[in-house]
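Heads up: the structure comes next, in structure tokens.
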Amino acid sequence: AQSVTQLDSQVPVFEEAPVELRCNYSSSVSVYLFWYVQYPNQGLQLLLKYLSGSTLVKGINGFEAEFNKSQTSFHLRKPSVHISDTAEYFCAVTYLGGYQKVTFGTGTKLQVIP
Amino acid sequence: DSGVTQTPKHLITATGQRVTLRCSPRSGDLSVYWYQQSLDQGLQFLIQYYNGEERAKGNILERFSAQQFPDLHSELNLSSLELGDSALYFCASSVGGSSEGYEQYFGPGTRLTVT
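These protein sequences, in sequence, are chains A and B. To get the numbering used here, take the position in the first sequence, counting from 1, and add 20. To get the numbering used here, take the position in the second sequence, counting from 1, and add 1031.
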């Protein structure tokens, strides 16, 4: 069964500092990987996704993520965070093809400190 | 605005009751997904429909059911409600399935409170 692990439930970081949010998944087959962001009192929206090709994926709001197949990871990074990045971030994975559901991680709350 | 609409925004009801949550997907999207988000369980996938047919099932209780109508809107029915069903219920839609790489667009959610 596919699973997604986000080890950090909360990450406090000072404004303009870099941040990395970690995501690991378990799968022995090819996967698609997504990062979603949830701002307070809102639904989730897509930040970026990896389907194939370059392992470095760039998304909206200056975020990027790197797919590492050998380590089954898809960590999210931003070189300089802003107060407006305060939100909860979810990593999600689904199998390539078939009718498999998408599995979300438990989320990481990013708190940007002024 | 994702283009996905959900009604109602808030719902307060008593234990044992039945409620229906409604979702209208983005124009052109054929897939609809339902999720439950609570503090203790996190974001849980419930069920997916594609063009009117059930495509994938997640952690959906037997007391819950869903359907997608010919106009592609979807309803999630929750019955014999318990206090633990209090949560935020999200609907999402996509052109195809997530297993084909299509991203999901989430609605604003329905907050259900069971008293």
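Beta carbons: idealized from backbone N, C-alpha and C, even for Gly. If you're wondering where the values come from, they're calculated on a predicted model, not measured in any experiment.
Where does the unbroken beta strand (DSSP E) through residue i begin, and where does it stop?
i, result
"A:Asn88", "Glu84 to Asn88"
"A:Ala107", "Ala107 to Tyr115"
"A:Ile133", "Thr128 to Ile133"
"B:Ser1033", "No beta strand (DSSP E) contains B:Ser1033, which DSSP labels as neither H nor E."
"A:Gln22", "Per DSSP, A:Gln22 belongs to no beta strand (DSSP E) and is neither H nor E."
"A:Lys98", "Ser93 to Lys98"
"B:Thr1144", "Thr1141 to Val1145"
"B:Thr1044", "His1041 to Thr1044"
Quick check on the burial criterion: 16 or more other C-beta atoms within 10 angstroms. Buried or exposed for residue i?
i, result
"B:Ala1045", "exposed"
"B:Phe1100", "exposed"
"A:Glu108", "buried"
"B:Ala1097", "buried"
"A:Thr128", "buried"
"B:Asp1102", "exposed"
"A:Ala112", "buried"
"A:Pro38", "exposed"
"B:Ser1055", "buried"
"B:Ser1105", "buried"
"B:Leu1048", "A small correction: the amino acid at residue 1048 of chain B is Gln; Leu does not occupy that position in the sequence shown. With fewer than 16 other Cβ atoms within 10 Å, it is exposed."
"A:Ala69", "Here the sequence assigns Lys to residue 69 of chain A, which means Ala is not the residue at that position. By the neighbour-count rule (16 or more Cβ atoms within 10 Å), A:Lys69 is buried."
"B:Ser1072", "Checking the sequence, you will find Gln at residue 1072 of chain B rather than Ser. Looking at its Cβ environment, which holds fewer than 16 other Cβ atoms inside 10 Å, B:Gln1072 is exposed."
"B:Ile1078", "buried"
"A:Lys98", "buried"
"B:Phe1137", "buried"
"B:Asp1032", "exposed"
"B:Ser1125", "buried"
"A:Leu27", "exposed"
"B:Gly1034", "exposed"
"A:Phe83", "buried"
"A:Val132", "buried"
"A:Thr75", "exposed"
"B:Gly1127", "exposed"
"A:Thr123", "buried"
"A:Tyr59", "exposed"
"A:Val49", "exposed"
State the beta-bridge partners of residue i as determined by DSSP.
i, result
"B:Pro1056", "Its beta-bridge partners do not exist; DSSP assigns none."
"B:Tyr1064", "B:Gln1079 and B:Ala1123"
"A:Ala31", "Strictly speaking, residue 31 of chain A in this sequence is Val, with Ala absent from that position. In DSSP, A:Val31 forms a bridge with A:Leu130."
"B:Val1050", "B:Leu1109"
"B:Tyr1136", "B:Ser1124"
Report task. Just list the alpha helix (DSSP H) runs in the segment 1068-1117 of chain B, keeping only unbroken ones of 4 residues or longer that don't cross its boundaries, in chain order. Result -> none
Query raised in the report: What residues from the segment 95-107 of chain A come within 8 Å of chain B, judged by C-beta to C-beta, listed N to C?
Result: Within the segment 95-107 of chain A, no residue has a Cβ that lies closer than 8 Å to any Cβ of chain B.
**Report entry** Positions along the segment 64-79 of chain A whose CB lies within less than 7 Å of some CB in chain B
**Finding:** Leu64, Gln65, Leu66, Lys69 and Leu71
Query raised in the report: Going along the segment 1060-1087 of chain B in order, which residues come within less than 7 Å of chain A, judged by CB to CB distance?
Result: Within the segment 1060-1087 of chain B, the qualifying residues are Gly1073, Leu1074, Phe1076, Gln1079, Arg1086 and Ala1087.
Requested in this report: Quick one: which residues of the segment 1121-1135 of chain B get their C-beta closer than 8 Å to a C-beta of chain A? List them in chain order.
Outcome: Residues Phe1121, Ala1123, Gly1128, Ser1129, Ser1130, Glu1131, Gly1132, Glu1134 and Gln1135.
**Report entry** Within the segment 36-76 of chain A, ranges of the beta strand (DSSP E) (whole runs, at least 3 residues)
**Finding:** 39-41, 44-46, 51-58 and 64-70
Query raised in the report: Between the segment 50-64 of chain A and chain B, which residues of the former have CB atoms less than 9 Å from a CB of the latter, in chain order?
Result: Tyr52, Phe54, Tyr56, Gln58, Asn61, Gln62, Gly63 and Leu64
Query raised in the report: Looking at chain B, which residues of the segment 121-133 of chain A have a Cβ within less than 9 Å of any of its Cβ atoms?
Result: Lys121, Val122, Thr123, Phe124, Gly125, Thr126 and Gly127
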